[in-house]
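Just below is one structure, and these are the notes that go with it.
Protein chains: 2
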Amino acid sequence: MILDPIARLRRFNRAVVREAGALDTSFMGRGRPLGAARVLHLVRPEGTDVAMIRAKLGLDSGLMSRFLRALEREHLITTETDPADRRRGIARLTPTGQAEVAAYLAIIHDQASQILTRAGSRADEVLTAMDLIATILNRDQVELRPTDPDAPEAQDCQRAYFSELEARVPHAHAQDFPLPDPDADSYRPPLGRFLIAWSDEMPVACVALKRLDASTGEVKRLWVAASARGQGLARRLMAAIEAEARAMNLRTLKLETNRVLTEAVALYRSTGWADTAPFTDIPADTWLAKAL
Amino acid sequence: MILDPIARLRRFNRAVVREAGALDTSFMGRGRPLGAARVLHLVRPEGTDVAMIRAKLGLDSGLMSRFLRALEREHLITTETDPADRRRGIARLTPTGQAEVAAYLAIIHDQASQILTRAGSRADEVLTAMDLIATILNRDQVELRPTDPDAPEAQDCQRAYFSELEARVPHAHAQDFPLPDPDADSYRPPLGRFLIAWSDEMPVACVALKRLDASTGEVKRLWVAASARGQGLARRLMAAIEAEARAMNLRTLKLETNRVLTEAVALYRSTGWADTAPFTDIPADTWLAKAL
DNA sequence: TATTTTATCTGACAGTAGTCAGATAAATTG
DNA sequence: CAATTTATCTGACTACTGTCAGATAAAATA
């Protein structure tokens with residue numbers, strides 16, 4: 005576009021802050037200060053560690069204590085001491101509290117759909133834009149965590165991976181890859197691993213490892229969301245999955261890919277992977293191996 | 005992408021609010037509450053109407069008065085009564101105040117470039133995404149204002165328009181349209197008009213009107229930024245420029261266009277424009293007229 | 001000209017966020 | 001076991017935001 009980048013960024017900031025301000029007052033719309041509402045949001049019915057909430061919100065212990073007692077007075081939560089460490093507290097949502105959280109979520113949901121309605125025919129574009137911006141802003145906080153390959157988020161990642169393959173690789177068809185994967189056990193300890201990269205609780209990339217024999221593993225399902233590319237996430241995931249493989253005492257890793265996936269192939273080759281004998285069928289046309 | 009739209013929107017909100025929060029505290033980093041800093045930002049060296057600032061920020065008159073006096077005590081502004089209406093106040097930035105505003109801007113600038121740096125190779129994509137989101141959020145506040153055709157923003161719009169033409173219309177070359185336009189007088193009262201659509205002080209669309217003879221005008225330079233499409237802005241601009249033409253006592257409007265600009269042509273035809281005899285050269289291939 | 005409206009100022013007050021110091025009780029460490 | 005650390009609680013305090021009522025002076029209106 006036409007303007008100074010800084011001016012564009014400031015305009016964006018103003019627009020978003022105005023919207024977020026409206027969100028704040030709506031929090032107060034339920035007769036509770038923002039701070040207490042934020043705490044309430046993090047308490048789960050099955051119980052949440054008080055210290056964890058405090059860390060997450062960066063609250064002073066005194067303020068936290070006051071919020072908790074205010075919520076308790078409203079019968080929205082109950083607190084007890086952690087039996088394992090009786091200095092620590094555990095907060096639990098009461099049924100009333102659950103209803104209150106649901107009411108907040110309904111408000112948020114309404115406001116969100118209002119924004120999407122305002123975007124009209126461009127809602128998809130707007131969401132893609134939001135993903136990109138959120139991913140950039142969260143960039144330093146992306147966390148890799150092992151996940152069950154049948155977890156809904158893992159399936160989401162794989163679905164996105166398959167449809168990307170279908171779009172780019174000749175003779176690859178998403179329907180050849182059923183979900184949940186009948187082979188999921190192979191990606192689950194002790195046979196394998198499934199890693200997801202999380203950006204603020206949203207999965208943005210994944211990779212899987214599968215044991216082939218006592219000393220050999222196969223790397224599969226390396227996928228990075230379009231919004232999260234250009235941050236070295238694939239490299240980070242590959243390093244992490246190689247570390248997992250070493251921890252499993254594997255000495256060789258293999259993978260199959262297709263030369264049209266140029267970024268992926270370039271990444272592999274630049275990190276010590278070399279051609280090896282084909283060990284699978286089409287749509288693969290490139291087979292690589294790496295000694296650990 | 006893969007997740008529930010609402011979840012994506014909430015993640016976006018969290019990411020941006022966290023960032024904006026950091027921006028807020030930096031405002032306080034200069035030892036002044038956010039409210040006063042916001043007021044300071046709106047005061048111009050040549051003097052600003054106090055009531056206008058108050059309306060823009062939605063402040064209570066009492067609070068506003070206190071902010072102004074606090075800023076005055078710091079010698080950042082001076083205030084006087086409006087000679088034309090001695091109930092009203094006018095605030096002026098002192099040189100000290102100008103330096104202070106510059107210091108704020110430097111901080112903002114730093115933070116903005118930090119974000120762009122974080123975006124790395126995707127900075128352009130991020131800015132485009134921000135434009136889109138800001139435009140959607142500001143959607144209801146787009147304002148049409150007549151502008152001088154030589155104003156920098158008008159030139160920005162025209163530059164964007166020409167490069168769009170060059171990209172889409174065969175035989176159109178941006179270098180055939182010098183800026184500032186030697187013909188600018190034609191788009192300036194009393195001969196013509198140049199309208200810009202502003203979204204939070206950023207130009208997002210424009211249109212020009214040029215008198216051909218006592219009763220005929222020509223509409224030119226209809227342009228809408230990519231980020232602002234799909235909101236009916238072109239239609240709004242056309243309606244406004246037709247109103248301007250009527251106010252100038254014109255009875256017929258003409259325009260030239262090219263059939264590859266399908267959205268534009270469709271808009272014209274759906275609002276009463278009909279084919280007319282060619283009155284210009286290539287790259288035009290479609291000539292339309294409308295009786296007012 | 002009398003009345004009403006408008007723009008601002010002033011003082012009083014309340015709610016929220018946040019900090020700090022000290023107290024308490026339960027782990028952890030030496 | 002004594003000393004230290006950790007998690008929480010409590011009370012005191014400050015700063016910022018925001019609201020309300022009343023005062024004042026200058027337009028605008030009847």
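Heads up: the protein sequence lines correspond to chains A and B, in order.
Going by this note's numbering, the first sequence opens with residue 5, and the numbers climb by one from there.
Going by this note's numbering, the second sequence opens with residue 5, and the numbers climb by one from there.
All C-beta atoms, glycine included, are put in the ideal place defined by N, C-alpha and C.
Check distances from the C-beta atoms of the segment 13-34 of chain B to those of chain A and list, in chain order, the residues that come in under 8 Å.
Leu13, Arg14, Arg15, Phe16, Asn17, Arg18, Ala19, Val20, Val21, Arg22, Glu23, Ala24 and Leu27
Closest to Lys214 of chain B by CA distance: which of B:Thr82, B:Trp227 and B:Leu195 is it?
One-based indexing of the second sequence puts residue 214 of chain B at position 210. Per the Cα distances, B:Leu195.
Would you verify that the beta carbon of Ala138 of chain B is, or is not, closer than 8 Å to some beta carbon of chain A?
For this step, residue 138 of chain B is matched to residue 134 along the second sequence. Yes, Ala138 of chain B counts as interfacial toward chain A.
Less than 8 Å between C-beta atoms, sequence neighbours within five positions excluded: which residues of the same chain meet that for Leu72 of chain A?
Residue numbering aside, residue 72 of chain A sits at position 68 when the first sequence is read from its first letter. For Leu72 of chain A, where only same-chain residues beyond five positions count, the Cβ hits under 8 Å are Val43, Val54, Ile81, Thr83, Gly93 and Ala95.
In chain B, what lies closer than 7 Å to Met134 of chain A by C-beta?
As a first step, residue 134 of chain A must be located in the first sequence, where it is residue number 130. The contacting residues are Arg12, Leu13, Phe16 and Ile137.
Given a cut-off of 8 Å on the beta-carbon distance, is the pair Leu226 of chain A and Val211 of chain A in contact?
Here residue 226 of chain A refers to the residue found at position 222 when the first sequence is read from its first residue. Here residue 211 of chain A refers to the residue found at position 207 when the first sequence is read from its first residue. Yes, the pair counts as a contact, with Cβ atoms nearer than the cut-off.
Cβ closer than 8 Å: which chain A residues qualify as neighbours of Gly124 of chain B?
Counted from its first residue, the second sequence places residue 124 of chain B at position 120. Under the 8 Å cutoff, chain A gives Gly234 and Gln235.
Cβ of Arg143 of chain A less than 8 Å from any chain B Cβ?
By one-based count along the first sequence, residue 143 of chain A stands at place 139. Closer than 8 Å: yes.
For Glu84 of chain B: DSSP bridge partner residues:
Mapped onto the second sequence, residue 84 of chain B falls at position 80. Beta-bridge pairing links Glu84 of chain B to B:Ile94.
Using a C-beta to C-beta distance shorter than 8 Å, which residues of chain A count as neighbours of Glu129 of chain B?
As a working note, residue 129 of chain B is residue 125 in the second sequence. Under the 8 Å cutoff, chain A gives Leu136.
At a CB distance below 8 Å, what residues from the segment 94-113 of chain B approach chain A? Give them in sequence order.
Ile112 and His113
By the criterion of Cβ-Cβ separation under 8 Å, what are the contact partners of Ile119 of chain B in chain A?
Position 115 of the second sequence, counted from the start, is the residue given in the question as residue 119 of chain B. Under the 8 Å cutoff, chain A gives Leu13, Ile140 and Leu141.
With a cut-off of 8 Å, does the C-beta of Leu7 of chain A fall near any C-beta of chain B?
By 1-based counting over the first sequence, the position of residue 7 of chain A is 3. So, interface residue.
Identity of the residue in A:Asp185, A:Ala230, A:Ile200 and A:Gln118 nearest Ala244 of chain A by Cα:
On the first sequence, residue 244 of chain A is found 240 positions in, with the first residue counted as 1. With distances taken between Cα atoms, Ala244 of chain A lies closest to A:Ile200.
Delimiting residues of the beta strand (DSSP E) encompassing Phe166 of chain A:
Counting from 1 along the first sequence, the entry for residue 166 of chain A is found at position 162. Taken as a continuous stretch (DSSP letters only), Phe166 of chain A belongs to no beta strand (DSSP E), being part of the alpha helix (DSSP H) at Pro156 to Arg172.
In the segment 118-142 of chain A, which residue ranges form an unbroken alpha helix (DSSP H) of at least 4 residues, counting only runs that do not cross its ends?
127-141
If you check the beta carbons only, do Ile10 of chain A and Ala278 of chain B fall under 8 Å apart?
What you label residue 10 of chain A is simply residue 6 of the first sequence in a count that begins at 1. What you label residue 278 of chain B is simply residue 274 of the second sequence in a count that begins at 1. No, they are not a contact pair.
Return no unless some Cβ of chain A is closer than 8 Å to the Cβ of Ala74 of chain B.
Taking the first residue of the second sequence as position 1, residue 74 of chain B is located at position 70. Not closer than 8 Å to any Cβ of chain A, the Cβ of Ala74 of chain B fails to qualify, so no.
Rounded to whole angstroms, how far is the Cβ of Asp204 of chain B from the Cβ of Arg15 of chain A, which I believe are closer than 8 Å?
Mapped onto the second sequence, residue 204 of chain B falls at position 200. Mapped onto the first sequence, residue 15 of chain A falls at position 11. Contact flag correct, Cβ pair sits at about 5 Å.
Kindly indicate which three-state DSSP category Ser203 of chain A falls into: helix, strand or coil?
Residue mapping note: residue 203 of chain A aligns to position 199 of the first sequence, counting from 1. Correct three-state label for Ser203 of chain A: strand.
Under the rule that 16 or more other beta-carbon atoms within 10 Å means buried, what is Met206 of chain A, buried or exposed?
Counting from one through the first sequence, the residue named residue 206 of chain A turns up at place 202. Flag for Met206 of chain A reads buried.
Exposed unless 16 or more other CB atoms sit within 10 angstroms - verdict on Glu260 of chain A
Residue 260 of chain A sits at position 256 when you count from the first residue of the first sequence. It counts as buried.
Quick check on Asp204 of chain A - is its C-beta less than 8 Å from some C-beta in chain B?
The residue you call residue 204 of chain A lines up with position 200 of the first sequence. Closer than 8 Å: yes.
When you compare only the Cα positions, how much space is there between Ile119 of chain A and Phe283 of chain B?
As a working mapping, residue 119 of chain A is identified with position 115 in the first sequence. As a working mapping, residue 283 of chain B is identified with position 279 in the second sequence. C-alpha separation (whole angstroms): 45 Å.
Please state whether the Cβ-Cβ distance between Phe181 of chain B and Pro153 of chain B is less than 8 Å.
Your numbering for residue 181 of chain B matches position 177 in the second sequence. Your numbering for residue 153 of chain B matches position 149 in the second sequence. No.
With distances taken between CB atoms, is the gap from Ser167 of chain A to Ala178 of chain A smaller than 8 Å?
The residue you call residue 167 of chain A lines up with position 163 of the first sequence. The residue you call residue 178 of chain A lines up with position 174 of the first sequence. Cβ distance < 8 Å, so Ser167 of chain A and Ala178 of chain A count as in contact.
Answer with buried or exposed for Asp8 of chain A, where buried requires no fewer than 16 other C-beta atoms within 10 angstroms of its C-beta.
Residue 8 of chain A sits at position 4 when you count from the first residue of the first sequence. When all chains shown are included, Asp8 of chain A counts as exposed.
Looking at C-beta atoms only, is the number of pairs between the segment 32-52 of chain A and the segment 94-108 of chain A that lie closer than 8 Å three or more?
yes
Within 10 angstroms of its Cβ, does Lys258 of chain B collect 16 or more other Cβ (buried), or is it exposed?
The sequence position of residue 258 of chain B within the second sequence is 254, counting from 1. Label assigned to Lys258 of chain B: buried.
What's the call for Asp217 of chain B, buried or exposed, on a 16-neighbour Cβ count within 10 Å?
The count along the second sequence starts at 1 and reaches residue 217 of chain B at position 213. Asp217 of chain B comes out exposed.
Backbone CA spacing between Ile57 of chain A and Thr100 of chain A [nearest angstrom]
Position 53 of the first sequence holds residue 57 of chain A. Position 96 of the first sequence holds residue 100 of chain A. Near 20 Å, if we compare the C-alpha coordinates of Thr100 of chain A and Ile57 of chain A.
With a Cβ-Cβ cutoff of 8 Å, do Ala293 of chain B and Thr266 of chain B count as a contact?
As a position in the second sequence, residue 293 of chain B is number 289, starting the count at 1. As a position in the second sequence, residue 266 of chain B is number 262, starting the count at 1. Not closer than 8 Å, so no.
Helix, strand or coil for Val43 of chain A? Go by DSSP, reduced to three states.
Reading the first sequence from its first residue, position 39 is the one you call residue 43 of chain A. Three-state result, Val43 of chain A: helix.
Spatial neighbours of Glu23 of chain A in its chain, beta-carbon cut-off 8 Å, leaving aside the 5 residues before and after
Here residue 23 of chain A refers to the residue found at position 19 of the first sequence. If we look at Glu23 of chain A and ignore the five residues flanking it on each side, its Cβ neighbours are Ile119.
What number of angstroms, rounded off, separates the C-alpha of Asp144 of chain B from the C-alpha of Ala251 of chain A?
Position 140 of the second sequence, counted from the start, is the residue given in the question as residue 144 of chain B. Position 247 of the first sequence, counted from the start, is the residue given in the question as residue 251 of chain A. In a straight line, the C-alpha of Asp144 of chain B is about 57 Å away from that of Ala251 of chain A.
Among residues of its own chain, excluding the 5 on either side of Asp160 of chain A, which ones have a beta-carbon nearer than 8 Å to its beta-carbon?
Within the first sequence, residue 160 of chain A is the residue found at index 156, counting from 1. Counting only Cβ-Cβ distances below 8 Å, and skipping sequence neighbours, we find Pro207.
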